[in-house]
Structure formats: structure tokens, C-alpha cells
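First comes the structure, then the notes that go with it.
There are 2 protein chains.
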Amino acid sequence: MEHRRVKDQESDGVSQKDIENFDKISLSSNTSTSSLSTAGGPKDSSKLKSIVTLALTLLTSSQAILIVWSKRAGKYDYSVTTANFSVETLKCLLSLVALSRIWNSQGVTEDNRLITSFDEVRVYPIPAMLYLVKNLLQYYIFEYVDAPAYQILKNLNIISTGVLYRIILKKKLSQIQWAAFILLCAGCTTAQLSPSSDHVLQTPIQGWVMAIVMALLSGFAGVYTEVIIKKNPSRNINAQNFWLYIFGMLFNLVAICVQDFDAVMNKGFFHGYSFITVLMILNHALSGIAVSMVMKYANNIIKVYSTSVAMLLTATVSVFLFGFHLSLAFLLGSTVVSVSVYLHSVGKLQQRN
Amino acid sequence: MEHRRVKDQESDGVSQKDIENFDKISLSSNTSTSSLSTAGGPKDSSKLKSIVTLALTLLTSSQAILIVWSKRAGKYDYSVTTANFSVETLKCLLSLVALSRIWNSQGVTEDNRLITSFDEVRVYPIPAMLYLVKNLLQYYIFEYVDAPAYQILKNLNIISTGVLYRIILKKKLSQIQWAAFILLCAGCTTAQLSPSSDHVLQTPIQGWVMAIVMALLSGFAGVYTEVIIKKNPSRNINAQNFWLYIFGMLFNLVAICVQDFDAVMNKGFFHGYSFITVLMILNHALSGIAVSMVMKYANNIIKVYSTSVAMLLTATVSVFLFGFHLSLAFLLGSTVVSVSVYLHSVGKLQQRN
Numbered sequence: 001m002e003h004r005r006v007k008d009q010e011s012d013g014v015s016q017k018d019i020e021n022f023d024k025i026s027l028s029s030n031t032s033t034s035s036l037s038t039a040g041g042p043k044d045s046s047k048l049k050s051i052v053t054l055a056l057t058l059l060t061s062s063q064a065i066l067i068v069w070s071k072r073a074g075k076y077d078y079s080v081t082t083a084n085f086s087v088e089t090l091k092c093l094l095s096l097v098a099l100s101r102i103w104n105s106q107g108v109t110e111d112n113r114l115i116t117s118f119d120e121v122r123v124y125p126i127p128a129m130l131y132l133v134k135n136l137l138q139y140y141i142f143e144y145v146d147a148p149a150y151q152i153l154k155n156l157n158i159i160s161t162g163v164l165y166r167i168i169l170k171k172k173l174s175q176i177q178w179a180a181f182i183l184l185c186a187g188c189t190t191a192q193l194s195p196s197s198d199h200v201l202q203t204p205i206q207g208w209v210m211a212i213v214m215a216l217l218s219g220f221a222g223v224y225t226e227v228i229i230k231k232n233p234s235r236n237i238n239a240q241n242f243w244l245y246i247f248g249m250l251f252n253l254v255a256i257c258v259q260d261f262d263a264v265m266n267k268g269f270f271h272g273y274s275f276i277t278v279l280m281i282l283n284h285a286l287s288g289i290a291v292s293m294v295m296k297y298a299n300n301i302i303k304v305y306s307t308s309v310a311m312l313l314t315a316t317v318s319v320f321l322f323g324f325h326l327s328l329a330f331l332l333g334s335t336v337v338s339v340s341v342y343l344h345s346v347g348k349l350q351q352r353n
Numbered sequence: 001m002e003h004r005r006v007k008d009q010e011s012d013g014v015s016q017k018d019i020e021n022f023d024k025i026s027l028s029s030n031t032s033t034s035s036l037s038t039a040g041g042p043k044d045s046s047k048l049k050s051i052v053t054l055a056l057t058l059l060t061s062s063q064a065i066l067i068v069w070s071k072r073a074g075k076y077d078y079s080v081t082t083a084n085f086s087v088e089t090l091k092c093l094l095s096l097v098a099l100s101r102i103w104n105s106q107g108v109t110e111d112n113r114l115i116t117s118f119d120e121v122r123v124y125p126i127p128a129m130l131y132l133v134k135n136l137l138q139y140y141i142f143e144y145v146d147a148p149a150y151q152i153l154k155n156l157n158i159i160s161t162g163v164l165y166r167i168i169l170k171k172k173l174s175q176i177q178w179a180a181f182i183l184l185c186a187g188c189t190t191a192q193l194s195p196s197s198d199h200v201l202q203t204p205i206q207g208w209v210m211a212i213v214m215a216l217l218s219g220f221a222g223v224y225t226e227v228i229i230k231k232n233p234s235r236n237i238n239a240q241n242f243w244l245y246i247f248g249m250l251f252n253l254v255a256i257c258v259q260d261f262d263a264v265m266n267k268g269f270f271h272g273y274s275f276i277t278v279l280m281i282l283n284h285a286l287s288g289i290a291v292s293m294v295m296k297y298a299n300n301i302i303k304v305y306s307t308s309v310a311m312l313l314t315a316t317v318s319v320f321l322f323g324f325h326l327s328l329a330f331l332l333g334s335t336v337v338s339v340s341v342y343l344h345s346v347g348k349l350q351q352r353n
């Protein structure tokens, strides 16, 4: 397996051959529900898929609630770059703990060993770099759109992920699943409608171009991560995560040096950290791992559904926790998203028949 | 055929037996696309179905545009009850013209003759009476809800029609068609969202009860009309319409006497009629006939889709005609309704497979 993978990667990054190779694997997994070599059988794999999806949904929804909570508690008085670095470090450590447990029970194999080849890791920084470019663009887009309009435009991510998933991973969605995906995007946008949302219709062409480029970057980063993680199905996910997060740590270290070097030097690395900061770091770390797991055992489409449902869960829970007001638009959007989730699963069954 | 129908109607109104009998007819028409004896074959019937649906959509959308136009031109200065009576009279006349053409070409048969039995016509006033009760309730509901909230609540009609169609006509919708129907209701409501729509969430319990009762009355009247018209598939639709409209004339004559007797006596029947009033009467008459045709050759579900799409068409055309503003909510609602229409047709194909 290792030999074939190395041979496939002779061209730069993930080659077309890799994708075709991956495609064969994924196609065979489509017909037999799953052929993941790490899971016992189709039932185990389906269970694993459900567990990681549920975990991602719950972690993402509690993530937004923690952000609201921390905002209510006062302004952020810690450095965001050190918090991001802490998240990456924690994810790295958790992957190592998981790996050491596996080494104890199964011994070190080619699939779970930490040592890797340059060919395996050289594509790992690409998603992080794509996200970096997207985050830089985020500063400029606010010259053309306001915050509520940006919130609405972010839903273009759903469409871009679906289209890139189809093009890059060459996985087919049934017609009903495509309809469901359009509904997911329309439903999420409806749920976020506010009296000032109509501003988005006055977005100048530059704003639209930037929003579409950002959606494509974000969608491509997501789909590319799936390509990287699924390329070698037998490779242990914790070993893959370890290397992904090592690059995450590196990128965030650079960010600390560029943005917060003086503050960290004068006040210390953990200045301003509170109990809730620690909770947020823990939550972000676990969410990040859940995203990787969903990429390994499910796919980007499931990830988009999971985070969309999480958005609705957050708003619903916020009604009880913070006395938020549920609008009619939110109720209608939630209805459309629920029907979309149902249609996605019905559409899947159709595909199998 | 005539004999069986008379025998079936021994109980009051349309008996359970009638419905079961009708159900058999409609079930057999389901499997062979259609077995309408008035249409040549499945292809003809499908074409007829498309034509009447398209006619209803276009007539309904131009109806709303005429209303906006007449409002722009000034206040209504004619009596609404005389206009309604004129609509019913015109429909009656048009049915007679159509019948006389058929008599000339095919001769008078049992199916197209005007003379009818008491058993055939005694159920004809029921839909008109149900609409009357609904219209009376309309005056009282405004004590509990405002106009934008009422506009939103009216979409409950979509759900009530679907449920009553299932229960009374015993026709099955596929799971995807049900999902599509929920989306149709959510999409139409979303398209009508305005900053004041959220008032609907503060509707008191009395308002909700009245809105639900009104939706059920309206849904029942629609489904019952379908039962009446389809009960005898070979009976000519123009003869059926003639009797329906005779009762419409009678009810509206009573309304003129109760509401506008003095005004009509003093100013005359056609006082205040303008060119646009005549156009509106013509449009209402043709729309009414199109509704009957859709009931005969299609069904209530198609009618609901047709009028919903008409609502969206009206708003879109109004942008060009009257410089109306299209909101983001309208665009999102239209997207959801479009997907719903697509899913309804896909769901139908599934059912046939």
C-alpha cells in the first residue's frame, strides 16, 4: 500500500492519479455502504459515521454558545493567536495520546507509525494555506459589505462545497440530494434573515467576486482535506491528524510572531485566559478532531449538514439560555433545513436501489 | 352509469360509498396515467392537464396584477357584490356557449345534457356554503391578527388541502411529494415575509383556532368540489359547471339584497364600472372555469401548486410593471417553491416505478 501511494505522488501535491485511485476506493465503498479498512464491517462503519457526525454537530453548536457566553462575560482580553496555537497544540497532543494507546494495543505498524514520508506530508499545509488566504480576504470584503450581509454571503460556502465535492472527488449526488443541497443553502440563509439582510442585494460586484472567491477557497480547502485524509484509507487517522496539526501549530506560531509578539513578550503567553477561554480552547480542539473524523469516515457533504444543523441548534438553545428571540424566518428556515436533511437521506437510499 | 350514481346517493350529500366508488376510478386512473373518458388517451389527458394548469397559473397571476392596477387607478367605486354576481353569470353563460357547441357537434347525450337529477345537484351548493362561512369568519379574525399576519396564516390552506386531499380522496402522495408540499408552504410563507410578519408569532389562541378552522373550511370546499366534479368522470364538465355557477349566482343575489340593495336601487347595477372592472370580471370568470377544469382533469394538489407559482409570478412581473422591490426573503422563498415543484414531479415518477 505504502509503495503504491508513494508511486502515485510523483507529481506535485495530490495528482490526478491519486484522485482517480481514491475515486475507485470511494466508489467501491459506495456500493457496499463502506469498505473502510479501519472499521470492522459495514455496520461498524455506519455507526462510526453517525457518532462522528453527532459529535461534530454537538461540538459546533456548543462552540457558538461558548462564544456568546464569553462575549456576555466581557471583551476578549486574551490574545486570539495564542489561543489558536493552544488549540493546535492540544489537538496534536490528543492525537499522540490516541496513537500511544493504539501502539500499546496493536503495536506499531506501517499504518499507525508516526514517521512519515515527505510525499505524504508535503500536501498537508495546503488546506491551512488556503484558509489563511481566505481569512486575509475577510478583512477586505468588509469594505464592500456589512456584517449581516457577510453572514448571508457565507452561505455560498454550502454551494461551493457541493460543486467542488462533485468536481474534485467525482462523487455523484442523486438529483434529490442536489435539490436537498440547494434547500440547505436556502434554508440556512432564511433562518439568518434579519431586517437588514436585504443590504446584501446592494452588494457591489467587487463584493460578490470576493464572496465567491472566499467560498471557493473555503470549499476547496475542505474538499482537499478530504482528498488528503482519504487518499490512504488504511492509514490511521490520528497519525494523519498529528501531521495536519503540526502544520497548524507552525502557521499559528508565525501568526503570533507577526501580530502579538510584543504583547506575548510583555504580558506572557497565557495573559487574560479565563475558565471560559480554556473551555473554548478545549471545545475548538475537539471540534477540529471531529471535523477530521467526519472527513475520514463520512464526507464534506455530511460536514456541511452537520454544521448547518448545529447553527439551528445553537439558536434554539440560545432562546432558553440567553432569552434570544426566535423569528418566523428562523422557524421557516429550520423547517426547510429539516426537510433537506430528510431528503438527503431519502435521496441516498434511492441511489443504492 | 346514471343508475349506479343515483343508487349510491341514497344517503345525504356525497356518501362514503360515493367516495369509495370515486376512489376506485381515481386509483385506476393513477396506474394508467389517466382513464378520463372525455379525453382521447393518456397523452391527450396529460396535455389537457398541462393546458388547464398553465391557464390557471397565468389567469391567477394576471388576476393579482389587475387588482394592483385597479387599486393604483383609484378606490373601488363599484359594488363588489354586483361584480361577483356578474362573474358567476358570465361563467354560467360561457358554460352554456361551450355546451351548445358540443351539442351541435356531438348531439345531446346523457353526459352533456343540461337537465339533471336532484341527486346530482343537491351537493353542488355545499362548497359555496363552506366558502361563505369562511368569508364570514374572515371579518372576525381581524380582531385577533393584523393584515400581514393574516397573509402569513393563509398559507395554512396549503397544508389543510394536502391533509384533506389525503383523507377524503384517499389519494396517496409519495414521501417526497409530502416533503415537497411542506416546502411549498414554507417557501410561500418565506416569499411573503415582511419586517412586520413576526407579529404572527404573537397571535392569540383564538386567532390560531380561527385560522385553522378557516384553512380547513377552504381546504374542505376545494377537496369537496373535486369529489363532486370527479364523481361522474363521463359527465361533461360544462354541464357540471353550469349547475355549480347557478348556485353561485343565487348566493351572490342574496348577498346583493342583504348588503347593497339600496345602492343598486338608487345608483343602478353597473354604477362605477370601468374598463378595468370589466377586465377583472372577465379574468375572474375565466380563472373560475380554469379551477373547475383543474379539478376535473388534475387535482387539488396541482391547483395549490398552480396558484402558489402564480403568486410568485405576480410579484416578479410587478417588479417590471410597478417598480416593486424584490426582497431577499422573496428570492429565497421562490427558490424553495421551485425546488418543491421539481420534487413533486420527481416524487410522482417514483410512485409510478
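For the protein sequence lines, the chains are A and B, in the order given. Read left to right, the first sequence gives residues 1 to 353 (full-length UniProt numbering). Read left to right, the second sequence gives residues 1 to 353 (full-length UniProt numbering). For glycine and all other residues, C-beta sits at the position ideal for the given N, C-alpha and C. Every value quoted in this text rests on a predicted model; they were computed, and no experiment measured them.
Going by Cα to Cα distance, which pick from the options is closest to residue i?
i	options	result
residue 108(B)	286(B), 333(B), 235(B), 70(B)	235(B)
residue 181(B)	163(B), 267(B), 207(B)	163(B)
residue 274(B)	254(B), 78(B), 293(B), 217(B)	78(B)
residue 55(A)	321(A), 199(A), 302(A)	302(A)
residue 224(A)	245(A), 295(A), 340(A)	295(A)
residue 63(B)	328(B), 286(B), 334(B), 319(B)	286(B)
residue 232(A)	112(A), 248(A), 91(A), 173(A)	112(A)
residue 179(A)	167(A), 48(A), 158(A), 169(A)	158(A)
residue 144(A)	202(A), 324(A), 257(A), 309(A)	202(A)
residue 341(A)	283(A), 48(A), 114(A), 184(A)	184(A)
residue 338(B)	313(B), 322(B), 327(B), 326(B)	313(B)
residue 103(A)	292(A), 238(A), 330(A), 249(A)	238(A)
residue 86(A)	270(A), 101(A), 97(A)	270(A)
residue 194(A)	333(B), 334(B), 328(B)	328(B)
residue 100(B)	242(B), 315(B), 139(B)	242(B)
residue 258(B)	49(B), 81(B), 44(B), 47(B)	81(B)
residue 160(A)	217(A), 138(A), 110(A)	217(A)
residue 207(B)	61(B), 138(B), 240(B), 256(B)	138(B)
residue 250(A)	126(A), 153(A), 215(A), 332(A)	126(A)
residue 156(A)	121(A), 129(A), 209(A), 288(A)	209(A)
Going along chain B, which residues have a C-beta under 7 Å from residue i?
i	result
residue 356(A)	The requested residue 356(A) is not part of the displayed model; chain A covers only 1 to 353.
residue 198(A)	327, 328
residue 186(A)	332, 335, 336
Within its chain, find whatever has a CB closer than 6 Å to the CB of residue i; leave out the 5 residues flanking it on each side and keep chain order.
i	result
residue 151(A)	192
residue 345(B)	none
residue 167(B)	none
residue 244(B)	124
residue 284(B)	87
residue 153(B)	211
residue 70(A)	276
Residues in its own chain within less than 8 Å of residue i by CB, not counting five upstream and five downstream?
i	result
residue 146(A)	196, 199
residue 354(A)	Not covered by the structure: residue 354(A). The range shown for chain A is 1 to 353.
Taking C-beta pairs closer than 8 Å, name the residues in chain A that residue i reaches, listed in chain order.
i	result
residue 176(B)	176, 343, 346
residue 182(B)	335, 339
Which chain B residues sit within Cβ distance under 8 Å of residue i?
i	result
residue 189(A)	328, 332
Report, in whole angstroms, the separation of the C-beta atoms of residue i and residue j, which I expect to be a contact under 8 Å.
i	j	result
residue 280(A)	residue 66(A)	5 Å
residue 306(A)	residue 53(A)	5 Å
residue 176(B)	residue 347(B)	3 Å
residue 131(B)	residue 221(B)	5 Å
residue 84(B)	residue 252(B)	5 Å
Excluding five sequence neighbours on each side, which residues of the same chain lie with their C-beta closer than 7 Å to the C-beta of residue i?
i	result
residue 226(A)	169, 295, 299, 300
residue 318(B)	65, 68, 324
residue 336(A)	183, 186, 187, 190
Residues of chain A with a CB under 7 Å from the CB of residue i: which are they?
i	result
residue 179(B)	339, 342, 343
residue 201(B)	328
For the alpha helix (DSSP H) containing residue i, name the first residue and the last one.
i	result
residue 262(B)	261–267
residue 166(A)	156–168
residue 119(A)	118–121
residue 181(B)	175–191
residue 272(B)	Looking at the DSSP string, residue 272(B) is not in any alpha helix (DSSP H), and its letter there is neither H nor E.
residue 314(A)	300–322
residue 104(B)	80–106
residue 227(B)	205–231
residue 138(A)	125–141
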